[in-house]
Amino acid sequence: MRLGMEKHEKTKAQLLNELDEARRRIAELEQSERIRQLAEEALQESERRYRDLYTIAPLAFVIWDRDCRVIDWNKRAEQMFGWSREEVVGRNFFEFLIPEGARFTVEVVVDALLQGRLPSRSINENLTKGGQILLCEWNNSIRYDKDGRVAGAISLALDITERKRSEDALRETERFLSNVFASIQDGISILDKDFTVVRVNPTMERWYAHAMPLVGKKCHKAYSGRDETCRVCPTRRTLETGEAAHEVVPKRGPGGQAEGWVDLYSFPLFDTETGQLKGFIEYVRDITDRKRAEDELRKLNEELERRVRERTVQLEASNKELEAFTYSASHDLRSPLNNITGFTEVLSDEYMDRLDERGKRYLRNVRASSVQMNQVIDALLNLSLVTQCEIHRQDVDLSALAQSITAQLREREPDRRVEFTIEPRMTANGDAQLLRVALENLLGNAWKFTKRRADAKIEFGSVAHATTQNVKAEDRPVFFIRDNGAGFDMAQKDKLFRAFQRLHTSAEFEGTGIGLATVERIIHRHGGRIWAEGAIDKGATFYFTL
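Spelled out as structure tokens, the structure:
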């Protein structure tokens, strides 16, 4: 009975133990289930986040297997390449995504990935559905199966076509600017805001070869050999004002000595985003030759001014002598000449009948000589007057002056037959009285030297009707007086405008030999010039400018 009771009690204890074990295992299972549920929830959350990222990512996702077949790709891939997910899943991407020119590059990347190596980044061209070529940057991640073997890859693509174009354009611009920078014959130096040289062109390197390397040095050290900024520095002024500045400064040699001069222009460089000053561009032009030329010109001007002063003194002295001569001609010479003329008239009136033919001839010669001497004195006085008188400029009707002068000539010798041709409305700016004297002499000469022509012709015109190479060289109006009279030998043309130089004898043609000298003086005082062309017995043409 007692043995049976013990056996029953042992069974009860075992049952209690088994119950406890069952409870413990149930608790473990419940805990395991909770962990599993949490893991599933975490996995679902991870998958949701991955799916969201996969769906809305700005990068194209392409998932592919070992045979390069597309398993999946996202919306961005559809947008980028133009193929829908349904059109590409299951297809080998080499068939539609890789252009022939990029095939080898992509095959190398694929082989490396399938062998477990990880070329995480590659750049190659890709095709769109419409046949457009895109340049894409790919980031690749290897996919493994449950047994740890390579199953394919996940590739993320970024379209960098426009970025590449921008980079290429930027590089081309940089290359162009570098070529321009290098080709400029003047010097260019770029400084930071602390005056440190950051870039120079070859011209600066050539000019300052003794201070190379220039980059990294302060500008005053590199270009002037100074430890402090230069006393005259346009760049320092640009730093203070933010505006361009300019100075002419010495060009320094190896020892800091001045070897020439440069125009130094300083321009501010601003940060395009902040607007803050970040540096300077120094533009340097060597003006040594110009400065030397300016110095030489200054010396020449000083010498010219000295000579002008000396010449002015000489002219003043000459003018005083001329004034004295004029006074003498007017009084000292004219008075005895008037006496001679008066006495010859008395002799002629009271004693002519007492003289024989020789005496009468002598008396006539004395009277003619006194008249000629009076004419010479008048001509000299005219020459003196046109040299000394003040010029009063105004618009002068040369045609009207010529008409008046020719009318007077006709009145003096009404029996002569001369054909005058005067171009109408010829005008010039000058002194009316002096220009009248000049035309009187020129037209008077033409009248005189055509007196032996039965068909005498005198023409007064402008350059439009002249034919001479000398006229073509003029850049201002040219006037001319032409006749068909006695003419002259061109070999003696240099004597034409000299006082008292005559190309014809007094027996042939009367005159004092001063008229053309007077004309030349008037023309020169008007800032013009006069010259002549002619031939013996073929007439003459006198050209002049004002």
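Residue numbers (numbering that gives the first Met the number 0): 0 to 545. Backbone N, C-alpha and C define an ideal beta-carbon position, used for all residues, glycine too.
What do you get for residue i, buried or exposed, if any count of 16 or more other CB atoms within 10 angstroms of its CB means buried?
i	result
Val248	buried
Lys537	exposed
Val312	exposed
Ile97	buried
Ser223	buried
Leu15	exposed
Thr466	In this predicted model, Thr466 has a pLDDT of only 47, less than 50, meaning its place in the structure is not dependable enough to derive any value.
Ser490	The sequence given here has Ala at residue 490, not Ser. Exposed: under 16 other Cβ atoms inside 10 Å.
Tyr542	buried
Ala578	The first residue shown for the chain is 0 and the last is 545, placing residue 578 beyond what the model contains.
Cys135	buried
Lys298	exposed
Asn428	exposed
Ser31	exposed
Gly358	exposed
Glu547	Shown here, the chain extends from 0 to 545; a query on residue 547 therefore has no answer.
Leu18	exposed
Val197	exposed
Tyr207	buried
In the DSSP output, which residue or residues are listed as bridge partners for residue i?
i	result
Cys229	Bridge partners of Cys229: none, in fact.
Val247	Asp262
Asn123	Cys135
Ala257	Arg251
Ala585	Only positions 0 to 545 of the chain appear in this structure, which leaves residue 585 out of reach.
Gln393	Gly429
Trp72	Val61
Gly278	Asp191, Leu268
Tyr207	Paired residue(s): none; Tyr207 is not in a bridge.
Phe543	Phe478, Ile529
Leu155	Phe60, Asn138
Arg198	Ile189
Gly460	Phe479
Val105	Bridge partners of Val105: none, in fact.
Thr420	Glu458
Lys217	Thr195
Arg284	Asp262
Asn91	Arg68
Alpha carbon to alpha carbon, how far is residue i from residue j?
i	j	result
Glu302	Glu315	20 Å
Pro267	Trp82	52 Å
Asp146	Cys67	20 Å
Asp430	Glu344	40 Å
Trp446	Arg475	27 Å
Arg235	Lys217	13 Å
Glu246	Glu166	39 Å
Thr340	Asp352	19 Å
Arg230	Ala181	29 Å
Pro57	Arg75	6 Å
Asn440	Ala401	11 Å
Met372	Asn338	13 Å
Leu346	Val375	24 Å
Glu422	Glu309	44 Å
Glu532	Thr420	19 Å
Asp185	Ala244	17 Å
Pro233	Tyr264	7 Å
Arg416	Arg524	35 Å
Asn138	Phe60	10 Å
Asp110	Glu161	29 Å
Arg174	Leu213	22 Å
Glu99	Thr127	13 Å
Ile529	His391	21 Å
Gln13	Glu27	21 Å
Arg120	Glu86	26 Å
Leu238	Ala168	33 Å
Arg435	Thr405	12 Å
Gln468	Met425	Reliability fails at Gln468, whose pLDDT of 48 lies under 50, so the model's placement of it is uncertain and the value that follows must be treated cautiously. Cα-Cα distance, rounded: 22 Å.
Gly241	Glu293	32 Å
Leu42	Glu29	With a pLDDT of 49 at Leu42, under the threshold of 50, the modelled position of that residue is not reliable, and the figure given next carries that caveat. Roughly 19 Å between the two C-alpha positions.
His464	Asn300	Bear in mind that a pLDDT of 45 at His464, under 50, signals an unreliable position, so the number given afterwards is only what the model happens to contain. Each residue's Cα considered, the two are about 41 Å apart.
Asn178	Glu171	10 Å
If contacts are defined as beta-carbon pairs under 8 Å, then residue i and residue j qualify, I think. What distance do you get, rounded to the angstrom?
i	j	result
Leu433	Val385	6 Å
Ile153	Ile62	5 Å
Met211	Asp158	In fact, because the Cβ distance is near 46 Å, the residues do not count as touching under 8 Å.
Arg497	Ala516	6 Å
Leu438	Leu408	In fact, because the Cβ distance is near 11 Å, the residues do not count as touching under 8 Å.
Does any residue of chain B bring its CB to less than 8 Å from the CB of residue i?
i	result
Gly274	Although the question refers to chain B, the structure presented lacks it and comprises just one protein chain.
The region 183 to 192 in contact with the region 264 to 279 per 3-pair CB rule at 8 Å: yes
Contact the region 281 to 293 vs the region 254 to 263: 3+ CB pairs below 8 Å: yes
Inter-stretch contact (C-beta, 8 Å, three-pair minimum) for the region 475 to 494 and the region 449 to 458: yes
Segment contact flag, the region 359 to 366 with the region 387 to 406, C-beta cutoff 8 Å, min 3 pairs: no
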